[in-house]
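Just below is one structure, and these are the notes that go with it.
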Amino acid sequence: MPHSEGEVRMQQPSGAQPSAQPSGAQPSAQPSGAQPSAQPSGAQPSARPPAATRRSQELFARALRVLPGGVNSPVRAFKSVGGQPLFIERADGARIYDVDGLSYLDYVCSWGPAILGHNHPAIRQAVTDAAQNGLSFGAPTELEVRLADKITSFVPNLEMVRMVNSGTEAVISALRLARAYTGRQKLVKFAGCYHGHSDSMLVKAGSGALTSGVPDSLGVPAAVVADTCVATYNDLDSVAGLLQGREVAAVIVEPLAANMGVVLPNPGFLPGLRQLCDEYGTLLLFDEVICGFRLAKGGAQEYYGIQADLACYGKVIGGGLPVGAYGGRRQIMEMVAPAGPVYQAGTLSGNPIAMAAGLAQLQLLADGTVLAQIGQQASRLAAGLRQIVLDLGIKACVNQVGSLLSLFFGIEAAYDYDSVQQADTGLYARYFQEMLARGIYLAPSQFEAMFVSAAHSAADIDASLQAGSEVLQKMKGEGLL
Ligand SMILES: Cc1ncc(COP(=O)(O)O)c(C=O)c1O
Numbered sequence: 001m002p003h004s005e006g007e008v009r010m011q012q013p014s015g016a017q018p019s020a021q022p023s024g025a026q027p028s029a030q031p032s033g034a035q036p037s038a039q040p041s042g043a044q045p046s047a048r049p050p051a052a053t054r055r056s057q058e059l060f061a062r063a064l065r066v067l068p069g070g071v072n073s074p075v076r077a078f079k080s081v082g083g084q085p086l087f088i089e090r091a092d093g094a095r096i097y098d099v100d101g102l103s104y105l106d107y108v109c110s111w112g113p114a115i116l117g118h119n120h121p122a123i124r125q126a127v128t129d130a131a132q133n134g135l136s137f138g139a140p141t142e143l144e145v146r147l148a149d150k151i152t153s154f155v156p157n158l159e160m161v162r163m164v165n166s167g168t169e170a171v172i173s174a175l176r177l178a179r180a181y182t183g184r185q186k187l188v189k190f191a192g193c194y195h196g197h198s199d200s201m202l203v204k205a206g207s208g209a210l211t212s213g214v215p216d217s218l219g220v221p222a223a224v225v226a227d228t229c230v231a232t233y234n235d236l237d238s239v240a241g242l243l244q245g246r247e248v249a250a251v252i253v254e255p256l257a258a259n260m261g262v263v264l265p266n267p268g269f270l271p272g273l274r275q276l277c278d279e280y281g282t283l284l285l286f287d288e289v290i291c292g293f294r295l296a297k298g299g300a301q302e303y304y305g306i307q308a309d310l311a312c313y314g315k316v317i318g319g320g321l322p323v324g325a326y327g328g329r330r331q332i333m334e335m336v337a338p339a340g341p342v343y344q345a346g347t348l349s350g351n352p353i354a355m356a357a358g359l360a361q362l363q364l365l366a367d368g369t370v371l372a373q374i375g376q377q378a379s380r381l382a383a384g385l386r387q388i389v390l391d392l393g394i395k396a397c398v399n400q401v402g403s404l405l406s407l408f409f410g411i412e413a414a415y416d417y418d419s420v421q422q423a424d425t426g427l428y429a430r431y432f433q434e435m436l437a438r439g440i441y442l443a444p445s446q447f448e449a450m451f452v453s454a455a456h457s458a459a460d461i462d463a464s465l466q467a468g469s470e471v472l473q474k475m476k477g478e479g480l481l
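So, in structure tokens, the structure goes:
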């Protein structure tokens, strides 16, 4: 199973080999001090010759000596697309700037939190203001109450939340709570859904698996994942099969799957999950780390009109700082310590700087204008990519919802883990490198989403489509597609 900023666990490629340095690369027109507002984007392709990333290469060599794989989160290492990672010096608006002075139109957006674009002035100001008062107190603050108020007002059936420091932590804590509340042990997750790197969620998804899990990483005790059952996304029968005769505490799902590339729930899937969970006395847990406060103000629960029992958040509510949260109905949440017997704690939880950043971010998302705007830009990007694919007669498909999208190579439909496993990661790697050479920074894995932010202009979308068209024509000309 793939994942954002965690790991690439999908099987690796057939097809074309990643080319670390595409031919035809041009020196960048972007000096490191270039102003993002001045450049409508990847409009001027900033392709790079091999020497252009020398400083990134030097830093990577140094990093390899002191950081495992040279990074602090696996997907950043570019392993599934080849080449070496770029080291980023700064980011502003829709662009990131590397240590060699090249700039890129960014569709990673810090894997989600930069929903307003990088370095947004209101968030920067909120962080700077909060920092004047000290960085961390280990005691309650007004800021955390205000952010909790804001989150619970955005998501109507979320009555209480607990702040944590990451999505992983939110999921670990919510699962413990679900087990305590139901008095049951077993969990159901879906193949291809990522929920952070906790032991019980690191379960390799076998094809059509309806069995107990097998650890997906060394170091995960088999006994821990023995209680994790893996169902098939968009397949309610696979869920019913697992709920029958088992005492399942929670079904955890990415309501919109974004960690096997973007995979949409079929229309009856989420209502069906709600119904099955009600039938079997199982809690429905929405992992909204990617889609919370992005698909809609109230996240996937609002967007799809389904009420989950518990929900997990991350990324977006920190505005770029490390924050996560889990929440749900009062009756369940009041089991969390010190209100109740389920222990969970965190020295830096509710950190004032992070709370201030989150508040500023959510404030700007409150009226829904930004979400509507980024959804429209992403729809235009998806429609444009589909048209290019159609015109060139390429076997590929584009999934998009809200501001998230994926272009899958070599398959005509992506609707679950097995279908996306057939995607051609070698072709994606080549596409990635060619786009990078044209100044467009995509996720370094076929199985990650593209994130569109409020800073992506119409000109940026046009430039991205132009670059995409050029690259796909080139690949087709070379007989790869
Ligand atoms: C859906 C989902 N859940 C959980 C996580 C884990 O969040 P974090 O990386 O903040 O621990 C991620 C990370 O990408 C995610 O996409």
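Per my numbering, residue 1 is the first one in the sequence shown, and the count goes up by one each step. The C-beta atom is built at its ideal place from N, Cα and C for all residues, glycine as well.
Under the 10 Å beta carbon count, residue 150 is surrounded by 16 or more other beta carbons and is classified as buried. Nearest in C-alpha terms to residue 152, of all of 298, 117, 123, 414, is 298. Per DSSP, residue 73 lies in no beta strand (DSSP E) and is assigned neither H nor E.
Taking non-hydrogen atoms of ligand 1 into account, the C-beta of residue 315 is found less than 7 Å away from one of them. Within the segment 135–215, the complete alpha helix (DSSP H) segments at least 4 residues long are 142–154, 167–182, listed from N- to C-terminus.
Contact between residue 461 and residue 377 holds: their C-beta atoms lie close to 5 Å from each other, under 8 Å. Excluding five sequence positions before and after residue 195, the CB atoms of its chain that fall closer than 7 Å to its own CB belong to 171, 189, 201, 252, 287, given in chain order. Take residue 135, set aside five residues on each side of it, and the residues of its chain with a beta-carbon closer than 7 Å to its own are 353, in chain order. Boundaries of the alpha helix (DSSP H) around residue 477: 458–477. DSSP places residue 326 within a strand segment (E or B) once states are collapsed to three.
If you draw a straight line from the Cα of residue 425 to the Cα of residue 409, it comes to about 7 Å. At least 8 Å separates the beta-carbon of residue 309 from that of residue 276. Apart from sequence neighbours up to five positions away, the residues of its chain that approach residue 384 with a beta-carbon distance below 6 Å are 465, ordered along the chain. Counted as a single uninterrupted DSSP element, the beta strand (DSSP E) harbouring residue 251 occupies residues 248–253. According to DSSP, residue pairing for residue 228 in a beta bridge involves 187.
For residue 166, the distance from the CB to the nearest heavy atom of ligand 1 is below 7 Å. Annotation for residue 390: the continuous alpha helix (DSSP H) segment containing it runs 369–392.
Distances between the C-beta of residue 195 and the heavy atoms of ligand 1 include at least one below 7 Å. Residue 322 and residue 112 have their C-alpha atoms roughly 12 Å apart. For residue 388, the closest alpha carbon among the candidates 358, 350, 467 is that of 467.
The DSSP-derived three-state label of residue 353 is helix. DSSP places residue 130 in no beta strand (DSSP E) but in the uninterrupted alpha helix (DSSP H) bounded by 121–131. Secondary structure in the segment 269–301: the alpha helix (DSSP H) runs of 4 residues or longer, each lying completely within the stretch, are 269–280 in chain order.
Relative to residue 224, the option among 138, 267, 175, 472 whose CA is nearest is 175. Rounded to whole angstroms, the gap between the alpha carbons of residue 380 and residue 104 is 20 Å. Shown here, residue 408 sits in a strand according to DSSP, grouped into three states. Around the CB of residue 445, 16 or more other CB atoms lie within 10 Å, so the residue is classed as buried. Residue 91 carries a strand assignment under DSSP once its states are collapsed to helix, strand and coil. Secondary structure note for residue 398: its beta strand (DSSP E) is the uninterrupted segment 396–401. The three-state secondary structure of residue 440, taken from DSSP, is strand.
Burial check for residue 137: the Cβ neighbour count within 10 Å stays below 16, so the residue is exposed. For residue 159, the closest of 448, 364, 326, 84 by C-alpha to C-alpha distance is 326. According to the DSSP secondary-structure assignment, residue 96 is paired through a beta bridge with 91, 104.
The C-alpha of residue 314 lies about 28 Å from the C-alpha of residue 222. DSSP lists 404 as the beta-bridge partner residues of residue 451. Excluding sequence positions up to five before and after residue 110, its CB lies within less than 7 Å of the CB of 320, all in the same chain and listed in chain order.
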